[in-house]
Amino acid sequence: MNYDFSEVFKDIIRPSGGKIILCVLDGLGGIPSEEFGGKTELEVANTPNLDRISKISAKGMHIPVDFGITPGSGPSHLALFGYDPVRNTIKRGIMEALGIGIEPEEDQVFARGNFAKCVFDNSGIKVIDRRAGRISTEINREICDLLNRNIQSVDGVEIKFYPVKEHRVCVSFRAKDISDDIGDTDPQKEGSYIKEPEIFGEKTDQKRKLSSVAYKLSLKVSEILKNNEYAQGILLRGFSKFPNIQKFEDKWKLKALSIASYPMYRGLTKILGMDIADVKTGTLAEQVKILKDKFHKYDFFYFHFKKTDSSGEDGNFRAKIKAIEEFDSFVDEIFSAGADVIAITGDHSTPSVMAGHSFHPVPLLIYSKNRIFRDGEGRFTERDCMKGTIGLIYATKILPLLLAFAGRLDKFGA
């Protein structure tokens with residue numbers, strides 16, 4: 007991929023300078039829809055504020071991991087925070103656990119899960135709807151209570167179910183000497199079957215144990231839920247323990263606040279050592295209020311908006327347009343906080359026409375009070391960002407650019 011300049015930045019980062027806001031509209035990027043005249047969601051959306059800001063900003067596109075690679079939210083966010091997403095792997099389970107306030111212990115492995123609609127046939131448990139129609143969090147909680155009453159362990163491994171949000175669940179596996187180096191039970195595709203997790207690398211007893219337990223647990227869950235109205239199975243992925251990774255403040259000399267409502271993103275930023283804002287309702291109005299109230303205390307603000315991704319994954323083009331327009335209505339409020347540098351982008355593309363994450367480049371806008379070549383024309387859309395002065399860059403280069411625009415980098419070399 008591209009050269010790791012970590013050693014260079016370590017010596018030239020200043021501990022003071024301008025304040026930075028990184029706004030991440032999850033799954034922002036799209037591709038043209040024939041139904042909507044060959045336009046993307048951004049092109050159809052009415053975004054007067056983003057379009058106005060784009061004219062006094064620099065625009066471009068970014069590649070989250072590498073060309074042709076469809077990233078998950080974990081690696082794509084790590085790249086935005088300036089970490090090599092290949093060398094620094096954080097899987098979904100631990101992010102979910104931390105995001106809902108669990109304090110992990112050494113002998114625990116966590117998996118992120120979906121409750122799903124499933125049917126049974128001679129080949130096994132067939133997945134019909136991977137998100138169980140996005141059941142409510144309250145129904146999720148009832149299902150977790152039912153499972154916790156009926157399943158305490160599998161083959162000597164302690165099991166516990168934690169409700170997260172909507173259809174999402176976190177599962178704890180607790181036993182001595184178990185390894186998290188296994189794949190998923192989730193086939194990632196409707197019409198496919200729940201599977202026994204693949205074992206990565208050397209096939210040790212510790213890995214075999216968790217793989218076997220995870221699959222047996224899936225069978226037990228489906229047996230208990232077979233007559234449930236809402237979900238008849240569980241899909242598990244991202245088995246993980248707490249990782250060893252450099253803290254964000256140590257890496258970039260930025261005191262950071264994470265303003266995110268979804269547990270996975272709260273968990274990831276907690277792993278990186280960011281302070282986590284107490285987001286209760288998850289509305290943009292609440293998030294903007296937190297941004298303004300805490301603005302004097304921090305150097306860097308991660309501001310996350312989920313609806314663009316959820317609607318894209320549902321294949322709902324109109325809902326994604328509505329989500330983009332909702333964010334646009336708060337752009338002036340975000341800018342009024344007074345940051346020196348503001349970036350607006352996505353972690354990856356989630357085109358509604360594909361109903362899932364994709365490998366496509368992601369639109370990027372960077373506003374700075376100083377030190378910037380302003381594009382001067384165009385809207386905040388994929389096509390106009392392709393023509394921008396930033397060009398096409400790797401996502402790992404965005405954070406260093408923000409530091410430079412904020413006056414937080416010294417000269418390199420004599």
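The numbering of the sequence shown is the numbering used here, which starts it at 7 and goes up by one. Heads up, the beta-carbon is just placed ideally off N, CA and C, and yes, glycines get one too. Just so it is clear, the structure is predicted and the values come from calculations on it, not from any experiment.
A distance below 6 angstroms between beta-carbons, with the five flanking residues on each side excluded, links residue 21 to the following residues of its chain, in chain order: 259. By the criterion of a C-beta distance shorter than 6 angstroms, residue 313 is surrounded in its chain by 329, once the five residues flanking it on both sides are discounted. DSSP, read as helix, strand or coil, puts residue 336 in coil. DSSP places residue 405 in the uninterrupted alpha helix (DSSP H) bounded by 404-411. With contacts defined by Cβ atoms closer than 7 angstroms, residue 390 and residue 384 form a contacting pair. For the pair residue 382 and residue 61, the CB atoms are nearer than the 7 angstroms cut-off. Between the segment 216-234 and the segment 261-269, the count of C-beta pairs closer than 8 angstroms stays below three; the two stretches do not touch. In this model, residue 351 and residue 154 are separated by some 40 angstroms (Cα to Cα).
Minimum Cα-Cα distance from residue 339 among the listed residues 56, 127, 158 corresponds to 56.
Here residue 368 carries a strand assignment [DSSP, helix/strand/coil]. Note on geometry: alpha-carbon atoms of residue 83 and residue 285 lie some 19 angstroms from one another. The DSSP-derived three-state label of residue 20 is coil. DSSP, reduced to helix, strand and coil, places residue 363 outside both helices and strands of the structure shown, so it counts as coil. Scanning its chain for C-beta atoms nearer than 6 angstroms, with the 5 sequence neighbours on each side dropped, one finds around residue 29 the residues 309, 350, in chain order. Here the alpha carbons of residue 302 and residue 135 stand approximately 45 angstroms from one another. DSSP lists 371 as the bridge partner or partners of residue 65. Runs of alpha helix (DSSP H) with 4 or more residues, each lying fully within the segment 87-146, are found at 98-105, listed in chain order. Using a Cβ distance threshold of 7 angstroms, residue 379 and residue 39 do not count as a contacting pair. Counting only residues of its own chain and dropping the five nearest sequence neighbours on each side, residue 255 has a CB closer than 7 angstroms to the CB of 261, 262, 279.
Per the Cβ contact rule, the segment 193-202 is in contact with the segment 129-144 (3 or more Cβ pairs under 8 angstroms).
Sequence-distant partners of residue 222 (beyond 5 residues in either direction) whose C-beta falls short of 8 angstroms from its own C-beta, in its chain, are 160, 161.
Residue state for residue 199 is assigned as strand, using DSSP reduced to three classes. The beta carbon of residue 306 lies closer than 6 angstroms to those of 26, 260, 262 in the same chain, with the five residues before and after it left out.
Under the 10 Å beta carbon count, residue 105 is surrounded by 16 or more other beta carbons and is classified as buried. Residue environment analysis places residue 377 among the exposed positions, since fewer than 16 neighbouring C-beta atoms fall within 10 angstroms of its C-beta. Taking 7 angstroms as the cut-off, the beta carbon of residue 116 is found closer than this to the beta carbon of residue 176. CA-to-CA, the gap between residue 37 and residue 354 works out to about 12 angstroms.
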